[in-house]
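Trainee:
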Amino acid sequence: MTKMMLIGKTSVGKTSLIQALYDGALCDKKTQAVEYYDSFLDLPGEYLENPRFYNVIVTLSHDVDLIALVQDVECDQTVFPPNFGTMFNKPVIGIITKIDLLKDSEKRDRVRSDLEQAGALKIYEVSNISCLGLHEIWRLIHKA
Ligand SMILES: Nc1nc2c(ncn2[C@@H]2O[C@H](COP(=O)(O)OP(=O)(O)OP(=O)(O)O)[C@@H](O)[C@H]2O)c(=O)[nH]1
Ligand SMILES: [Mg+2]
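FYI, our numbering numbers position 96 of the sequence shown as 222, with every residue one higher than the one before it.
#1: Which value, in whole angstroms, describes the spacing of the CA atoms of V160 and T141?
#2: For E232 and K216, I'd like the C-alpha separation in whole angstroms.
#3: Is it the case that the segment 159-178 contacts the segment 216-227, given that we only count it when at least three CB pairs across the two stretches are under 8 Å?
#4: Under a Cβ-count criterion, where at least 16 other Cβ atoms within 10 Å of its own Cβ denotes burial, should M127 be classed as buried or exposed?
#5: Quick test of your reading: Q197 and V138, contact by CB under 8 Å. State the CB separation rounded to the nearest angstrom.
#6: What is the C-beta distance between M130 and V190, in whole angstroms, given that I count them as a contact (C-beta under 8 Å)?
#7: What would DSSP say about G211, mapped onto helix, strand or coil?
#8: In whole angstroms, what is the alpha-carbon distance linking H188 and F210?
#9: At a threshold of 7 Å, does S165 count as lining ligand 1 (C-beta to nearest heavy atom)?
#10: Suppose you measure from the CA of H268 to the CA of N176; what does that come to, to the nearest Å?
#11: Do L186 and V205 have their CB atoms nearer than 8 Å?
#12: May I ask you to report which of helix, strand or coil DSSP gives V218?
#13: To the nearest angstrom, report how far apart Y148 and S165 are at their CA atoms.
#14: Between T212 and the rest of its own chain, which residues show a CB-CB distance below 8 Å, the 5 nearest in sequence each way excluded?
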């Protein structure tokens, strides 16, 4: 099974994504510490928001196979610096969450472009509410 690290700012829906995949419920509490859950390594948003923690993220990345940069579709300003993904010696993908809230496709395109500039090679769109796109994430994890 592929191990995936989820990196994204607070409240983008990282923990909810894991919960939606495993038990269908959305998350109702913020992540306080690094948490391992089956194939996922879930980080509190603060690890990305404060560059002081970048070295911790890089160290944790040694334990995983895949890095996912997570941003929600409503996000107006990215917190991923350009080429952020080059810090890792691992493949990097992007996940756009809360796609159920999409009203303006230009916004989605902007988020897509943010993730591409940060270094995401492929981008997935998901909703943890409608479950749209979750099967693709599941397939990534279960790829041999
Ligand atoms: N509309 C919508 N809301 C979502 C979705 N996923 C998560 N949420 C909501 O977004 C909020 C934050 O979700 P979390 O999963 O806790 O976010 P997080 O990225 O783990 O946040 P931190 O643990 O603070 O880093 C919760 O109120 C969720 O109900 C989604 O796909 N669509
Ligand atoms: Mg969380």
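C-beta: ideal position from N, C-alpha, C; glycine also.
Mentor: Result, derived from the coordinates:
#1: Stepping through the sequence shown from its first residue, residue 160 is reached at position 34. Stepping through the sequence shown from its first residue, residue 141 is reached at position 15. Going from the Cα of V160 to the Cα of T141 covers about 11 Å.
#2: Here residue 232 refers to the residue found at position 106 of the sequence shown. Here residue 216 refers to the residue found at position 90 of the sequence shown. Distance between the alpha carbons of E232 and K216: 30 Å.
#3: no
#4: The residue you call residue 127 lines up with position 1 of the sequence shown. Answer is exposed; the Cβ neighbour count stays below 16.
#5: Counted from its first residue, the sequence shown places residue 197 at position 71. Counted from its first residue, the sequence shown places residue 138 at position 12. That belief holds up - the Cβ atoms of Q197 and V138 are roughly 6 Å apart, short of 8 Å.
#6: One-based indexing of the sequence shown puts residue 130 at position 4. One-based indexing of the sequence shown puts residue 190 at position 64. Confirmed, about 6 Å.
#7: The sequence position of residue 211 within the sequence shown is 85, counting from 1. In this structure, G211 counts as helix in the three-state DSSP scheme.
#8: As a working mapping, residue 188 is identified with position 62 in the sequence shown. As a working mapping, residue 210 is identified with position 84 in the sequence shown. Computed Cα separation, rounded: 16 Å.
#9: For the purposes of this step, residue 165 is identified with residue 39 of the sequence shown, where counting begins at 1. No, since every heavy atom of ligand 1 falls outside the 7 Å radius drawn around the Cβ of S165.
#10: Position 142 of the sequence shown, counted from the first residue, corresponds to residue 268. Position 50 of the sequence shown, counted from the first residue, corresponds to residue 176. Roughly 32 Å separates the two Cα atoms.
#11: Here residue 186 refers to the residue found at position 60 of the sequence shown. Here residue 205 refers to the residue found at position 79 of the sequence shown. Going by C-beta atoms, L186 is not nearer than 8 Å to V205.
#12: Taking the sequence shown and counting its residues from 1, the one referred to as residue 218 is at position 92. Strand.
#13: Mapped onto the sequence shown, residue 148 falls at position 22. Mapped onto the sequence shown, residue 165 falls at position 39. Each residue's alpha carbon lies about 11 Å from the other.
#14: Position 86 of the sequence shown, counted from the first residue, corresponds to residue 212. The residues are G245.
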